[in-house]
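For the sequence shown, my numbering gives the first residue as 1, with consecutive numbering after it. Cβ coordinates follow ideal geometry from the N, Cα and C atoms, glycine included. Single-structure report; data block below.
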Amino acid sequence: MDFRSGYIALVGRANVGKSTLLNTLVGEKLSIVSAKPHTTRHALLGILQNDAFQAALLDTPGYLKLGRDQLDIAMSHQLKSALADSDIAILVVEPRSPGEVETDLIKQLKEARIESILCINKIDTVSKSRLLPIIQKYSEIHDFIDIVPVSAANSDGVSVLINQMANSLKIQEPIFPSNQLTNRPPSFLVSEIIREKVFEQYEDEVPYDVAVEIESFDYKGTNKPDLIQATIHVATNSQKKVLIGRSGAAIKQVGISARPEIETLAGRRIYLELWVKVTQNWKKKSGFVQRHI
């Protein structure tokens, strides 16, 4: 049997479930998930493979039409780069008629001359009778390889999507070693877990003005917990006060929430130290953004 492999970009508007889909496909939590839009800032690679194929999946930030600052510009660039680097794309949408964002993304797919699969996610939220007209509308505006309805949250239809992905890849050797799950180092995954807990715990603008930097990841040996030290950057002093909370209670809760997931990732006990630092206008500083994205 011929082996197939290639890069697949997951694209779509914010909050359609791209990150949940990536995690479901690879069977591990690689990409953070939040109900808040634009949680994903990075094109995160997750590798799905078996004896017949290897799919290098790129989870991309939610589509942004206009960039307000260097962070938005960098996120838009991540999407365009993912399309340029990929063999096929999966356009992830919600079960509703195509809007301006979907139309713009389909235009980008055409300009990139990249074949694509339409994945209609969250089908558990609509009836089959409502789904069929949506499929018809999408089939009229673009020639997709296939249109696959799924529910990434409960894995419905995911096996069908995997089969279609595998059949759409080129016949070639694997791109990555068989035991590799992502191209990101553990420090990046740790920083994303911490950022996810900030998104879960805080409201308003605070999560969007946060960047997490791992200062040290110190392996202490067999019987001692590893020491991880991280700085959480915010834009203003008022955000710093909110993040820390009264007597440090709020930031302590971030650490308590993050530690079990980090220990699962590391396979070891860890001791997590968190600091909060004001880095004014960090989202407008290209150098800072590039170091943290």
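Start-to-end residues for the beta strand (DSSP E) that takes in residue i
i: P149; result: 147-149
i: A211; result: 211-218
i: S19; result: Here S19 belongs to no beta strand (DSSP E); instead the alpha helix (DSSP H) covers 18-26.
i: G255; result: Per DSSP, G255 belongs to no beta strand (DSSP E); it is in the alpha helix (DSSP H), 249-266.
i: I162; result: Taken as a continuous stretch (DSSP letters only), I162 belongs to no beta strand (DSSP E), being part of the alpha helix (DSSP H) at 158-168.
i: E94; result: From DSSP, E94 is part of no beta strand (DSSP E); its letter is neither H nor E.
i: G46; result: 44-49
i: W275; result: 270-278
N- and C-terminal bounds of the alpha helix (DSSP H) containing residue i
i: G6; result: First-last for G6: 4-11, but that is the beta strand (DSSP E), not the alpha helix (DSSP H).
i: S31; result: Taken as a continuous stretch (DSSP letters only), S31 belongs to no alpha helix (DSSP H), as it is neither H nor E.
i: K110; result: 100-112
Expected contact under 8 Å - CB spacing of residue i and residue j to nearest Å
i: P317; j: Y63; result: Only positions 1 to 293 of the chain appear in the structure, and residue 317 is not among them; the question remains open.
i: L45; j: A56; result: 6 Å
i: G6; j: L243; result: Actually they do not touch by this definition, with Cβ atoms about 41 Å apart.
i: G12; j: V93; result: 6 Å
i: A112; j: L58; result: Contact doesn't hold; Cβ gap of about 13 Å is too wide.
i: A258; j: I214; result: Not quite, the Cβ-Cβ distance comes to about 12 Å (not below 8 Å), so this is no contact.
i: I228; j: I270; result: 6 Å
Three-way DSSP call (helix, strand, coil) for residue i in this model
i: H233; result: strand
i: Q201; result: helix
i: L131; result: helix
i: Y63; result: coil
i: G287; result: helix
i: L181; result: coil
i: V126; result: coil
i: I175; result: coil
i: S187; result: helix
i: A56; result: strand
i: D85; result: helix
i: S116; result: strand
Cβ pair residue i, residue j closer than 9 Å
i: L91; j: I106; result: yes
i: V16; j: K122; result: yes
i: F176; j: I47; result: yes
i: K283; j: D209; result: yes
i: S34; j: E205; result: no
i: A152; j: T24; result: yes
i: V198; j: V254; result: yes
i: Q164; j: I145; result: yes
i: T40; j: T60; result: yes
i: P225; j: R268; result: yes
i: L30; j: T182; result: yes
Check: residue i C-beta below 8 Å from any heavy atom of the ligand PLP
i: G27; result: The ligand PLP is not among the ligands present in this structure, which contains no ligands whatsoever.
>> Under 8 Å: do the segment 107-118 and the segment 138-152 share three or more Cβ pairs, one atom per stretch?
In response: In short, these stretches touch, since the Cβ pair count reaches three.
>> Pairs of beta-carbons, one from the segment 270-280 and one from the segment 231-239, closer than 8 Å: are there three or more?
In response: Yes, since at least three Cβ pairs between the segment 270-280 and the segment 231-239 fall closer than 8 Å, the two stretches touch.
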